[in-house]
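First residue of the sequence shown: 406, per the working numbering; consecutive thereafter.
Backbone N, C-alpha and C fix where the C-beta goes; we use that ideal spot for every residue, glycine too.
Since we're looking at a predicted model, the values are computed, not measured.
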Amino acid sequence: MQYLERDCFALYIDFVQRQQLPGARTVAMPRKIEEIKDFLLTARRKDAKSVKIKKNKDNVKFKVRCSRYLYTLVITDKEKAEKLKQSLPPGLAVKELK
Numbered sequence: 406m407q408y409l410e411r412d413c414f415a416l417y418i419d420f421v422q423r424q425q426l427p428g429a430r431t432v433a434m435p436r437k438i439e440e441i442k443d444f445l446l447t448a449r450r451k452d453a454k455s456v457k458i459k460k461n462k463d464n465v466k467f468k469v470r471c472s473r474y475l476y477t478l479v480i481t482d483k484e485k486a487e488k489l490k491q492s493l494p495p496g497l498a499v500k501e502l503k
């Protein structure tokens with residue numbers, strides 16, 4: 406009985422995931438960028454809208470919103486993070502989060 410319930414639940418989840426509702430969009434996961442240079446190139450793209458900077462105890466996260474994806478860069482060095490913040494494109498909206 407226990408296996409039957411689990412199989413039915415798995416089939417239900419599979420059915421729900423395959424449903425395509427009209428006008429529904431699939432949610433894309435953020436893309437992780439490893440290099441600072443790649444992040445700066447992404448931030449300079451024409452479709453880049455804004456940058457959010459999230460400062461944590463151990464790291465600083467930079468998140469640039471483009472038309473399709475949210476790109477993230479995680480930096481553990483505070484000095485590099487400050488330099489990157491100053492080298493962001495001037496026309497880009499920058500928001501600092503706590």
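C-beta contact flag for residue i and residue j at 8 Å
| i | j | result |
| --- | --- | --- |
| residue 477 | residue 483 | no |
| residue 480 | residue 464 | yes |
| residue 494 | residue 433 | no |
| residue 470 | residue 492 | no |
| residue 457 | residue 500 | yes |
Boundaries of the beta strand (DSSP E) in which residue i is found, first to last residue
| i | result |
| --- | --- |
| residue 447 | Where residue 447 is concerned, there is no enclosing beta strand (DSSP E), although the alpha helix (DSSP H) it sits in stretches over 441 to 448. |
| residue 502 | 498 to 502 |
| residue 507 | This structure gives no information on residue 507, because the portion of the chain shown stretches from 406 to 503. |
| residue 459 | 455 to 460 |
| residue 468 | 465 to 470 |
Nearest-angstrom beta carbon gap, residue j and residue i [assumed within contact, 8 Å]
| i | j | result |
| --- | --- | --- |
| residue 442 | residue 502 | With a Cβ gap of about 24 Å, residue 442 and residue 502 do not count as contacting. |
| residue 436 | residue 474 | 5 Å |
| residue 453 | residue 497 | 6 Å |
For residue i: DSSP bridge partner residues
| i | result |
| --- | --- |
| residue 484 | According to DSSP, residue 484 bridges with nothing at all. |
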